[in-house]
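First up is the structure itself, then whatever we jot down about it.
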Amino acid sequence: MLQVSVIREQTAAVLAGLAKRHYATAEADVQAILALDQRRKDLQTSHDQAQAEANELARQIGGLMKAGDKAGAETLKVRTGELKQQTKAHSEELTGVEKELQQQLYKLPNLPHESVPAGRSADDNEVVREVGAKPELAADAKPHWDLIEQYDIIDFALGNKITGAGFPVYKGQGARLQRALINFFLDEARHAGYAEVQVPILVNEASGYGTGQLPDKEGQMYHATADDLYLIPTAEVPITNLYRDDIIAPDQLPIRNAGYTPCFRREAGSWGAHVRGLNRLHQFDKVEIVQITQPENSYAALEDMLAHIEGLLQKLELPYRVLRLCSGDMSFTSALTYDLEVWSAAQQRWLEVSSASNFETYQANRLKLRYRPENGKTQFLHTLNGSALALPRIVAALLENNQTPEGIRLPAALHSYCGFEVIR
RNA sequence: AGAGAGGUGGCAGAGUGGUCGAAUGCGACGGAUUCGAAAUCCGUUAUACCUGCAAGGGUAUCGGGGGUUCGAAUCCCCCCCUCUCUACCA
């Protein structure tokens, strides 16, 4: 969430950022926040003063008791009783005000970086570059949902039987391709300087709040209510929350982690056209990269992550394009997001396979993730993450783009990982 | 899952109602000493919020929440977690 200090000291810039986001009630919400913040300060001051007096009296009473002056002690207790009522009233109101302030702050999205193009929808996203030639397929080329049946490598019906729609079963070469991609992505991340972590795929409520999935996107996560745990929609949640409530020593920065996890998304209400086959699933595999950096380095880190992801797509020989998301299409918590899309030759459309974002201090504020600059006050760090990469749509593009009469010819980078070169 | 023990500052570890934000040790940092270092000595060594131009002052925090009390790290209740034993399991 945004820092109150920023809202207070740079109100105009905040309002401009929210306007770029098309946030309708910016003026009113910001005013409400500023009023609540002022009220919070006033209450804190009165509370502290009353408490300070009570503490002083308690000390005096202690002295009187020791000296055996019971009557004197009783006299002071009268005042102390009043103060107790006061501080109690103050702290109750303070709790209420803080809670309301918190809720108001949760409502505000992150401010877009200056390079974010203004826009309302995906149509307004900026195509930064397009790399690689789109393959020319034969007239009878098949979409991946037909190919997976033809080669019997992914089985939706079976997944449907044991779980439900959107939970495919990978079989034979299909299963091995999954494992190969995961290993390939993890190795590439490690070579690029990311430390590998393996994290739980169920997280508690605090973690959900830390990275911003809660409270806004509650319905998007599977919730194991018996234990009040959430199945992660992305490894971003556990990996970033590893550093919740931490103050990181400068020499530990930047933090660069990579991890593979299955991801779970309810995708409530988002089914429709274009979601056949692997295009949208409830469970899928993904390798995620996360960076935590000092504020001044975060945009260089984002470019660095982007370069890494592009390198993966190039090694997979997939044509792709890089989008800079416009202000209306960016996720709530992001300050700048690049989406990477691969060309799916049989479907004749771009498929999003990665999203790399800089959240600046938006998550760090919730996470209380700070560092201590040399001889300075603690400061919030910047958090970033990117998919590197999400498997299903990569698989869809690999299958479609590389289909031949003799089978699906996989890119050279995967041969040693798969143990085969062609899916037959 | 059952029984018992326990959760204190970066770490170790005292502290069972009254200057306890907390002894002591270690570590770290600054200084003295040294040609330099080790050792030694002196000092510093949490976080958040409020207040103040600042220096400073104040409040809160001893796993989390609530309660008793003039006063709680210390007493009571609930929850979480860790360890040991038993049971079970991969």
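Following the working numbering, the numbering of the first sequence begins with 670 at its first residue and continues without gaps. The C-beta atom is built at its ideal place from N, Cα and C for all residues, glycine as well.
What are the start and end residues of the beta strand (DSSP E) that includes D815?
From DSSP, D815 is part of no beta strand (DSSP E) but of the alpha helix (DSSP H) over H813 to Q819.
Cα separation between E678 and A704?
14 Å
Exposure label - E1043; buried when at least 16 CB within 10 Å
exposed
Collapsed DSSP secondary structure at L929 in the structure displayed:
Per the sequence presented here, residue 929 reads as Tyr, with Leu not at that position. Strand, per DSSP.
In whole angstroms, give me the CA-to-CA distance for H813 and S1023.
19 Å
To which residues of the same chain is A742 closer than 8 Å at the C-beta, ignoring the five residues directly before and after it?
I730, L733 and M734
In chain order, what residues of the same chain lie with their CB nearer than 8 Å to the CB of H691, ignoring the 5 residues before and after it?
R789, S996 and G997
Buried or exposed by the 16-neighbour rule on C-beta atoms within 10 Å, applied to D1008:
buried
Given a cut-off of 8 Å on the beta-carbon distance, is the pair P781 and G879 in contact?
no
Does DSSP put K955 in a helix, a strand or coil?
strand
Threshold first: 4 residues or longer. Then list the alpha helix (DSSP H) segments lying entirely within the segment 679-744, N to C.
680-689 and 695-736
Please report the straight-line C-alpha distance between N829 and E818, rounded to a whole angstrom.
15 Å
Neighbour-count burial assignment, A1014, 16 or more Cβ in a 10 Å radius:
buried
Would you be able to state if there are at least three C-beta pairs under 8 Å between the segment 706-721 and the segment 756-768?
yes
Buried or exposed, going by whether 16 or more other CB atoms sit within 10 Å of the CB of H945?
According to the sequence provided, residue 945 is Arg. The question's His does not apply to it. By the 10 Å Cβ count, R945 comes out exposed.
Do you know whose CA, among D914, I908 and F933, lies nearest R925's CA?
I908
Quick check on this structure: which residue in L1067, T1073 and H759 has the alpha carbon closest to the alpha carbon of Q847?
L1067
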